[in-house]
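Structure first, commentary second.
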Amino acid sequence: MGLFSRLFGGKSTPEVKEVTPIEYKGYLIYQEALSEGGQYRIAGRITKQLGDEVKTHRFIRSDVLPSQADANELMLRKSQMFIDQMGDSIFS
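Residue numbers for the sequence shown follow the numbering used here, beginning at 5 and rising by one.
Below, the structure written as structure tokens:
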């Protein structure tokens, strides 16, 4: 039945992958590269507990790389630089 629903436009649920965050200066960085046309787009989330609330900043960049590992590594470096430059104002 799954084959027919894929062939005839049935909705598929996206595969949910468990991502282990990387802690950096009190922030949690989730590397979530997106597969796109045989390459991987840099994407992810930065979260931080502020008081009673967990704040989240999600981003998708225009950069694409040939491997998921490369995309995730660049995402991590860009996230760390973003945190260093902006601090908690990234959640504003």
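C-beta: ideal position from N, C-alpha, C; glycine also.
Q35 sits buried, since 16 or more C-beta atoms from the chains shown fall within 10 Å of its C-beta. DSSP places D74 in the uninterrupted alpha helix (DSSP H) bounded by Q72 to M90.
For F63, the enclosing beta strand (DSSP E) has its first and last residue at E57 to L69. Residue pairing for E27: DSSP places it in a beta bridge opposite L32. The continuous beta strand (DSSP E) containing A47 extends over residues Q43 to L54.
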